[in-house]
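Okay, so here's the structure we're looking at.
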């Protein structure tokens, strides 16, 4: 059993996501940076389906009431076991009574803590990914506790084969369903220079600070995907992420590549990104 | 089906004629059923108004082959026109009392009708479910009487209660959970539209029809108590 002594800023249990319920209006949720989450699971010998903790900017403090193997991947975060610093991208065996402190993220936005056996919170609609009110909470709270699954008997921990370059800032995009509604002026503003992440960014979406001018015609509500870039009538850009509503009434002008969604999940307020058109 | 558009790396968007029309919806939903039954492998389908979004996870799927397969399936399906889809009609109780009808007065002002007439028009229509989205279990309903259309509030409320029945533009709908919301609230429906402990979690599906039935406060409270019991089965709301 693992106990939450400090929940951190926004820490949630996430797995690969909640599929087959988008047609009922349930967002897919799941880890935002799949590469880093997968690397953490690999290091502790978990399958890629295992649920992990997604840490945002400031991490949790966890008391381990049983031994377990842990690893943390993604953004650089200061980690301590019983006050002793440990490194990201490495697996460590913790013993019963150990205290794991995940402190501030210094570069990037999200880190993934994998624990051997996987986080064993309740599966709702086929997934452990937190999404309120489908799950009873949206994030870890002080005093929460959770169990972990039985450790895999093989015990071999694979090596990471690829890491996300958190400092990269090129976001690759394909045309979205309403791409043809963009003017040359829009295209110039979208691709000729870097754009800024606004303070409004979270698991539902990332708003950009720049205003590129809106499109006049309104649109009926239509299905959307994580990675869809919407252009509001006011001229603002919203990049939908994993907890975004499954439908939306703003033009879907561009669609991020999957790997660019992972990279965007590592961006935060005032970071600048450059869109690259993949056609 | 008018065309198929690429939508990123692992999705295709199938679009029908851009009109809110039960016949177009029927054609689309019939094909949705065929797609679900015919496509091999793991696909997810989301449908709303005149769009079907087809989503998959496998990175190496040949998209051009898939597009061709879908076109062939569709052309084939037009030959066999009999719809095998089950359409259910539901009657949902709604309480329109003053304490829950927060925006009734503004619709009275805007429409020139009194609240009794507004309720009659709201209950007098057959609504078609064009899809589910916005919130888990939120039904997009078409068929609201023109006289009681009303634009959304200029500023949304921070909290609209679960079950709130509202009007926004030409749409009417029910909030399946408490949420911020900009709709004009005219009543409350005691039936839970989304329940994670049921399969499927939403008992209403796209293509179904809905009637609203005005109920007294006592009946509304009885319903509220009944839906909490483990015996509650939404099938008692089926009309046909």
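Protein chains in written order, with our numbering: chain B, 1 to 279; chain F, 1 to 240. We treat Cβ as the ideally placed atom computed from N, Cα and C, and that holds for glycine.
- Looking at the DSSP output, residue 213 of chain F shares a beta bridge with F/93.
- Residue 273 of chain B is a Cβ neighbour of residue 195 of chain B, given a cutoff of 8 Å.
- Interface residue (Cβ-Cβ distance to chain B less than 8 Å): residue 165 of chain F is not classified as such.
- From the listed residues B/191, B/206, B/190, the smallest Cα separation to residue 197 of chain B is found for B/206.
- Proximity of residue 5 of chain F to chain B, defined by a Cβ-Cβ separation below 8 Å, is satisfied.
- Distance from the CA atom of residue 220 of chain F to the CA atom of residue 235 of chain F, rounded to whole angstroms, is 18 Å.
- Nearest in C-alpha terms to residue 54 of chain B, of all of B/68, B/111, B/131, B/209, is B/111.
- Taking 8 Å as the cut-off, the beta carbon of residue 153 of chain F is found no closer than this to the beta carbon of residue 176 of chain F.
- For the 8 Å CB-CB criterion, residue 24 of chain F and residue 15 of chain F do not form a contact.
- For residue 180 of chain F, there is no enclosing alpha helix (DSSP H); the enclosing beta strand (DSSP E) covers residues 179-181.
- Judged by DSSP secondary structure, residue 22 of chain F falls within the alpha helix (DSSP H) whose first and last residues are 22-38.
- Remark: C-beta atoms of residue 13 of chain B and residue 130 of chain B approach each other more closely than 8 Å.
- Between the segment 158-174 of chain F and the segment 261-270 of chain B, the count of Cβ pairs shorter than 8 Å is below three; the stretches do not touch.
- When DSSP reads this structure, residue 160 of chain F sits in a beta bridge with F/179.
- Contact check for residue 187 of chain F against residue 96 of chain F passes: the beta carbons are separated by less than 8 Å.
- Along the segment 21-45 of chain F, going in chain order, the ones with a CB nearer than 7 Å to a CB of chain B are 44, 45.
- Minimum Cα-Cα distance from residue 147 of chain B among the listed residues B/193, B/211, B/80, B/52 corresponds to B/52.
- Under the three-state reduction of DSSP output, residue 22 of chain B falls in the helix class.
- If you keep only unbroken alpha helix (DSSP H) runs of at least 4 residues inside the segment 168-211 of chain B, you get 184-191.
- Collapsing the DSSP output to three states places residue 2 of chain F in coil.
- A distance of 8 Å or more separates the beta carbons of residue 139 of chain B and residue 275 of chain B.
- With its beta carbon at least 8 Å from every one in chain B, residue 100 of chain F lies outside the interface.
- Within its own chain, the residues whose Cβ lies closer than 8 Å to the Cβ of residue 173 of chain B, once the five positions on either side in sequence are excluded, are 229, 254, 255, 256, 257, 260, 275, 276, 277, 278, listed in chain order.
- Here residue 117 of chain F carries a helix assignment [DSSP, helix/strand/coil].
- For residue 225 of chain B, the residues of chain F that pass the 8 Å Cβ criterion are 7, 8, 11, 53, 55, in the order they occur in the chain.
- Of all residues in the segment 192-224 of chain B, the ones placed with a Cβ closer than 7 Å to any Cβ belonging to chain F are 220, 221, 222, 223, in chain order.
- With respect to chain F, the C-beta atom of residue 61 of chain B has no partner C-beta closer than 8 Å.
- The C-alpha of residue 206 of chain F lies about 21 Å from the C-alpha of residue 244 of chain B.
- For residue 124 of chain F, the CB contacts under 8 Å within the same chain, skipping 5 residues up- and downstream, are 145 in chain order.
- Residue 87 of chain F places its beta carbon 8 Å or farther from that of residue 213 of chain F.
- When the beta-carbon positions are compared, residue 208 of chain B and residue 236 of chain B come within less than 8 Å of each other.
- If you draw a straight line from the Cα of residue 128 of chain F to the Cα of residue 27 of chain F, it is about 14 Å long.
- Shown here, residue 112 of chain B sits in a strand according to DSSP, grouped into three states.
- Considered as a whole, the segment 38-69 of chain F harbours 43-48, 51-56 as its complete beta strand (DSSP E) runs of no fewer than 3 residues, in chain order.
- If you draw a straight line from the Cα of residue 270 of chain B to the Cα of residue 191 of chain F, it comes to about 45 Å.
- At least one C-beta of chain B is nearer than 8 Å to the C-beta of residue 140 of chain F.
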